[in-house]
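J.:
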Amino acid sequence: QCAMDPTLVKTFEELKAVFERQPANLPKCRQLVDQLKLQLTQYAFLAPSTRDPGKEALLAREVLEIACLVAIKQKDVAWFERNFAQLKAYYIDYSGKLPESQRKWSIMGLNLLYLLAQNKIAEFHTELELIPTEMHDNLYIKHPVQLEQYIMEGSFTKVWDARADVPHESYTFFMDMLMDTIRKQIAATAENAYTSLPVAHAQKLFLLGTQSALAQFVKENENWGLKGDRIYFNKPNDNRDLVSAHELIRQSIGYA
1 QCAMDPTLVK
11 TFEELKAVFE
21 RQPANLPKCR
31 QLVDQLKLQL
41 TQYAFLAPST
51 RDPGKEALLA
61 REVLEIACLV
71 AIKQKDVAWF
81 ERNFAQLKAY
91 YIDYSGKLPE
101 SQRKWSIMGL
111 NLLYLLAQNK
121 IAEFHTELEL
131 IPTEMHDNLY
141 IKHPVQLEQY
151 IMEGSFTKVW
161 DARADVPHES
171 YTFFMDMLMD
181 TIRKQIAATA
191 ENAYTSLPVA
201 HAQKLFLLGT
211 QSALAQFVKE
221 NENWGLKGDR
231 IYFNKPNDNR
241 DLVSAHELIR
251 QSIGYA
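For the record, in the sequence shown the residue sitting at position 220 is 220 according to this note's numbering, with numbers rising by one throughout.
1) Judging by CA-CA distance, which residue of Met4, Arg21 and Ala71 is the nearest neighbour of Leu40?
2) Among the candidates Gln22, Pro23 and Lys28, whose CA atom is the shortest distance from the CA of Gln12?
3) Short of 7 angstroms in beta carbon distance, which residues of its chain neighbour Phe173, apart from the five on each side in sequence? Order them along the chain.
4) Contact check, Val18 vs Leu38 under 8 angstroms by CB: the rounded distance?
5) What are the boundary residues of the alpha helix (DSSP H) that Gly209 is part of?
6) Hey, could you find the ends of the alpha helix (DSSP H) Gly54 is sitting in?
7) What does the Cβ neighbour count give for Met108, buried or exposed, with the cut at 16 atoms within 10 Å?
8) Between the C-alpha atoms of Asn138 and Phe206, what's the straight-line distance to the nearest angstrom?
9) Can you tell me where the alpha helix (DSSP H) with Ile131 in it begins and where it stops?
10) Quick check: what's the CA-CA separation for Met135 versus Ile141?
11) Between Leu226 and Lys97, what straight-line distance do the alpha-carbon atoms span, to the nearest angstrom?
12) Which partner residues does Tyr232 have in the DSSP bridge list?
13) Below 8 angstroms on the Cβ atoms is my guess for Leu110 versus Tyr171; work out the distance and round it to an integer in Å.
14) Looking at C-alpha atoms only, which residue of Ala164, Val199, Val159 and Ala200 is the closest neighbour of Thr181?
15) Under the rule that 16 or more other beta-carbon atoms within 10 Å means buried, what is Ser212, buried or exposed?
16) Using three-state DSSP, classify Ser95 as helix, strand or coil.
17) Hey, would you say Met152 sits closer than 7 angstroms to Arg163, going by beta carbons?
18) By the 10 Å Cβ neighbour count, where 16 or more other Cβ atoms means buried, how is Pro6 classified, buried or exposed?
19) Is the Cβ-Cβ distance between Leu116 and Leu69 less than 7 angstroms?
20) Please go through the same chain and pick out, in chain order, the residues whose beta-carbon is closer than 7 angstroms to the beta-carbon of Ala122, but skip the five residues on each side of it.
21) Mind checking which residues open and close the alpha helix (DSSP H) that includes Arg30?
22) Use the C-beta contact count for Ser95: other C-beta atoms within 10 angstroms, 16 or more gives buried, fewer gives exposed.
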């Protein structure tokens, strides 16, 4: 095979250096990723083929991996989704044709966590089926799989506790997003069950660490109010589904 284009290699080395520097210059990383994608188009970039992949495929894969991690650092969900969709082609279609990437399972796990955080449970299971069963015990895959089980059980305090036990720091962003999704689900249930709740109970129920975080959460929910030591759910209609709501709340805060 011919040697790679020196310009391509130079830009790639620059991207790696900028990304690994602490703190990384994220806008510069994005600029270099876009530049590299453009340069790689002449090598049928993002279209894995049946022919043996060259060194360019390895380089393209790493560019997309860095792009996914930059997207998370920038909290840009749409850019993560786009880059992962492209990267997955290298992980799945080139599996066995390229040496396995050291980042593969951590990024596959990140995508599973992203789908959970977006409440895309059907897609979560579809993606999980693409991962060999023997890899389900992998640290990075096991974490989101365990979280999904906790969610199905309604054991939301276990999800909250899992924030302190992420397999990599890059997981924290989607964990926070997942907690937000869960919190909104609990909030919708709580206002169906109660007209008001004591602040101390609400703080535990909504898995919020401080009273100021609770006050902010109340502000974000239309028709809610904070008065004295109680939160009032001023729902316009009063069709409260008490039984199912009480059950979910009982499970979520771990009461027997």
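Heads up, the beta-carbon is just placed ideally off N, CA and C, and yes, glycines get one too. All values reported here derive from a predicted model rather than from experimental measurement.
T.: The short version:
1) Position 40 of the sequence shown, counting from 1, holds the residue named residue 40. Checked all of Met4, Arg21 and Ala71; the closest Cα to Leu40 is Met4.
2) As a working note, residue 12 is residue 12 in the sequence shown. In the sequence as presented, Gln is not what sits at residue 12; that position holds Phe. The option with the nearest alpha carbon to Phe12 is Lys28.
3) Looking up residue 173 in the sequence shown gives position 173. Correct list, in chain order: Ile72 and Lys75.
4) Against the sequence shown, residue 18 aligns to sequence position 18. Against the sequence shown, residue 38 aligns to sequence position 38. With 8 angstroms as the limit, Val18 and Leu38 do not qualify as a contact, their Cβ atoms being about 17 angstroms apart.
5) By one-based count along the sequence shown, residue 209 stands at place 209. It is not in any alpha helix (DSSP H) - Gly209 carries neither H nor E in the DSSP assignment.
6) Within the sequence shown, the letter at position 54 stands for residue 54. First-last for Gly54: undefined, no H or E at that position.
7) Along the sequence shown, one-based indexing puts residue 108 at 108. The residue is buried, with at least 16 neighbouring Cβ atoms inside 10 Å.
8) Position 138 of the sequence shown, counted from the start, is the residue given in the question as residue 138. Position 206 of the sequence shown, counted from the start, is the residue given in the question as residue 206. One alpha carbon belongs to Asn138, the other to Phe206, and they sit about 31 angstroms apart.
9) Here residue 131 refers to the residue found at position 131 when the sequence shown is read from its first residue. For Ile131, no alpha helix (DSSP H) run applies, since DSSP gives it neither H nor E.
10) Here residue 135 corresponds to residue number 135 of the sequence shown, with the count starting at 1. Here residue 141 corresponds to residue number 141 of the sequence shown, with the count starting at 1. Near 7 angstroms, if we compare the C-alpha coordinates of Ile141 and Met135.
11) Counting from 1 along the sequence shown, the entry for residue 226 is found at position 226. Counting from 1 along the sequence shown, the entry for residue 97 is found at position 97. Approximately 60 angstroms between the Cα atoms of the pair.
12) Position 232 of the sequence shown holds residue 232. Looking at the DSSP assignment, Tyr232 forms a beta bridge with Ser196 and Gly225.
13) Working through the sequence shown from its first residue, we reach residue 110 at position 110. Working through the sequence shown from its first residue, we reach residue 171 at position 171. Indeed, because the Cβ distance is near 7 angstroms, the residues count as touching under 8 angstroms.
14) Taking the first residue of the sequence shown as position 1, residue 181 is located at position 181. Ranked by how close their Cα comes to the Cα of Thr181, the residues Ala164, Val199, Val159 and Ala200 have Val159 in first place.
15) Your numbering for residue 212 matches position 212 in the sequence shown. Per the 10 Å Cβ criterion, exposed.
16) As a first step, residue 95 must be located in the sequence shown, where it is residue number 95. Strand.
17) Start at 1 with the first residue of the sequence shown, and residue 152 comes out as number 152. Start at 1 with the first residue of the sequence shown, and residue 163 comes out as number 163. Not closer than 7 angstroms, so no.
18) If you number the sequence shown from 1, residue 6 lands on position 6. When all chains shown are included, Pro6 counts as exposed.
19) Reading the sequence shown from its first residue, position 116 is the one you call residue 116. Reading the sequence shown from its first residue, position 69 is the one you call residue 69. The answer is no: Cβ separation not under 7 angstroms.
20) Along the sequence shown, read from residue 1 onward, the residue named residue 122 stands at position 122. Same-chain partners within the cutoff: there are none.
21) Taking the first residue of the sequence shown as position 1, residue 30 is located at position 30. Residues Leu26 to Leu40.
22) By one-based count along the sequence shown, residue 95 stands at place 95. Exposed, since its Cβ has fewer than 16 Cβ neighbours within 10 Å.
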